[in-house]
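Numbering (our numbering), first residue to last: 835 to 1435.
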């Protein structure tokens, strides 16, 4: 099994590099581990199905647009560098860590959980002498791996005699390593910052990655979703924490039942789990190799009320590609407390309500006299106080007459006197309710999704002889980097003229394509484009019409020259399937030599 996976991975990797989907960065200098360049087809494919680009795609499940248009979302493009003060407030500086171990002689570092996982998998796959008890133990460790503490990981590494994979040297005890990349902002170097920290990173084992996130704000007192019924009947592999802890496997669950039974925390979280499932399967991810795994208690991110990962199985095992987290109101409250700026939403009432409410009334006059240019920041910090802090200040002012008060935006404490602020509980009529929203955040690791798609779409078919294997990527037309190719059957000037006319029509229609008028045999040209996943091939021959060939079935139809661009666009935009098109146009029977020549590439 492991050998087959390795051979498959090598075949995929060799094809991807040879056809320039991606290559190691700075390759002529030996490259740098973890840095890759997307080549022309890889870069084009990445742009095809980033979450932002996919907002305009046709969705076969509900005939609506995915994510941005469907949910009326607003797009933002944020800096890659975040000031340290922001990430300290959110808790990332303190808590965004992995557990590492170090080769005690060379200093090389490894993820402790990865070493333990690889050891358990290798034993289960290759050691036929394991007792049933040991098999159960290793499977249990794999199930709870992400829940193990540093001490537990270290104990298992020592118990199993796990050593550095490259040198076989002993390993250190696990230690926390912050996942964020620190840098400085500005020429002085005095302002610290970090590259944006995330977990669902890029192409596997890389240093740099592309991420897309959705920040969906929801009322913490009502996390229902008006469109949940659109996805509630979906059924797919789910891996709740209870099943992980008891050593069971992922099972197919209906999403509506998972929410109603409390396995998934709320409807809005469930809605986005369903939408992510539809998104990934439409891209071409195999639904039988996609599961949603719930975070274990100790594994839960510091902000999450509930969190599920969309994991995709590839030759490396199950890989986290999308995280869907209910972050509660943690971030907004933390940033509000730190910055002194209220980050709140408002709900208007149909009828006013009488409530007893804390009223903080700063004296602008006294604050202006005392703090001059800093008056606004002090005033905003006072108004942003929570009830507990404000009542504590009230008690201190009444007993002592003044109190030290930290203004985060100033970065220092100031002295607040009794005449500077009035703090009281008053009965008021409210016309609206203020609250700090919870945040549901799907976070997409674009590179990881791309790599898993490469593996899920890759297959080999027999060439001219049984010993020859032709590589094919069966990308869905929506996400194929190149939508079609245009070939004159033979190199004749009149065929070239028609091919160029079709190419111009495809360009006008916004369809990415390749025109090949080199005169190479048609079979070889088919094989070359099958290998980069081009779904359709247009061939110009001696008739007044042209043939259109489907990559996977190799079926062909005849289409008039003036119609062919519209037919291609209809398929590649997802408006029609190849099967739909086959009903409308006459079939063309290709010469056997056309396809047989493909193996001669």
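Glycine included, every Cβ here is placed at the ideal spot set by N, Cα and C.
For clarity, every value in this text was computed on a predicted model and none was experimentally measured.
Annotated as proximal: residue 1181 and residue 1267, with beta-carbon spacing under 8 Å.
The beta carbon of residue 1229 sits closer than 8 Å to no other beta carbon from its chain once the five residues preceding and following it are set aside.
Within the same chain, and ignoring the five residues on either side of residue 1132 in sequence, the residues whose Cβ sits closer than 6 Å to its Cβ are 981. Ranked by how close their Cα comes to the Cα of residue 1395, the residues 1419, 1353, 1409 have 1419 in first place. Where residue 966 is concerned, there is no enclosing beta strand (DSSP E), although the alpha helix (DSSP H) around it starts and stops at 966-978. Residue pairing by DSSP leaves residue 879 without any beta bridge partner. Taking a contact as a CB-CB distance under 8 Å, the pair residue 1350 and residue 1377 does not count as one, their CB atoms being some 20 Å apart. Inter-residue distance for residue 1294 and residue 1407 is about 26 Å (C-alpha atoms, whole angstroms). By the CB criterion at 8 Å, residue 1167 and residue 1102 fall outside the cutoff. Residue pairing of residue 1142 in beta bridges, as defined by DSSP: 1128, 1158. For residue 1303, DSSP records a beta bridge to 1296.
For the set 1191, 1209, 1188, the Cα lying nearest the Cα of residue 1198 is the one of 1209. Taking a 10 Å sphere around the C-beta of residue 1337, we find 16 or more other C-beta atoms and assign the residue as buried. Runs of the beta strand (DSSP E) lying entirely within the stretch 1039-1071 and spanning at least 3 residues, in chain order: 1045-1047, 1050-1052. Residue pairing for residue 1322: DSSP places it in a beta bridge opposite 1374. A check of alpha carbon separations from residue 987 across 946, 976, 1011 identifies 946 as the nearest. Contact between the stretch 1326-1333 and the stretch 1284-1302 is absent: fewer than 3 CB-CB pairs across the two stretches fall below 8 Å.
For residue 1258, the beta-bridge partners assigned by DSSP are 1193.
Leaving aside the five residues that flank residue 975 on each side, the residues in its chain whose CB is nearer than 6 Å to its CB run, in chain order, 954. Around the C-beta of residue 959, fewer than 16 other C-beta atoms lie within 10 Å, and the residue is accordingly described as exposed. Your pair residue 855 and residue 1149 does not check out as a contact, with CB atoms roughly 16 Å apart and the cut at 8 Å. By the criterion of at least three beta-carbon pairs nearer than 8 Å, the stretch 1225-1245 is not in contact with the stretch 1113-1133. Taking a contact to require three or more Cβ pairs closer than 8 Å, the stretch 1151-1169 and the stretch 850-865 do not qualify as touching. Between residue 1278 and the set 915, 1144, 1417, the nearest pair of CA atoms involves 1144. The DSSP-derived three-state label of residue 1094 is helix. The beta carbon of residue 934 sits closer than 7 Å to the beta carbons of 943, 944, 945, 946, 1008, 1009, 1011 from its chain, once the five residues preceding and following it are set aside; these are given in chain order. In the structure shown, the three-state DSSP call for residue 934 is strand.
The three-state secondary structure of residue 1413, taken from DSSP, is helix. According to the DSSP assignment, residue 1110 belongs to the alpha helix (DSSP H) that extends over 1101-1117.
Remark: fewer than three beta-carbon pairs, one from each stretch, lie closer than 8 Å, so the stretch 1095-1111 and the stretch 997-1007 are not flagged as touching. With contacts defined by Cβ atoms closer than 8 Å, residue 1361 and residue 1304 form a contacting pair. From the listed residues 875, 869, 871, the smallest Cα separation to residue 1364 is found for 875.
Residue 1087 is not a Cβ neighbour of residue 1066, given a cutoff of 8 Å. The C-beta of residue 1373 has 16 or more other C-beta atoms within 10 Å across all chains shown, which makes the residue buried. Separation of the CB atoms of residue 1405 and residue 1370 is rounded to 7 Å, and the pair is thereby assigned contact status at 8 Å. By alpha-carbon distance to residue 915, the top candidate from 957, 969, 1027, 993 is 1027.
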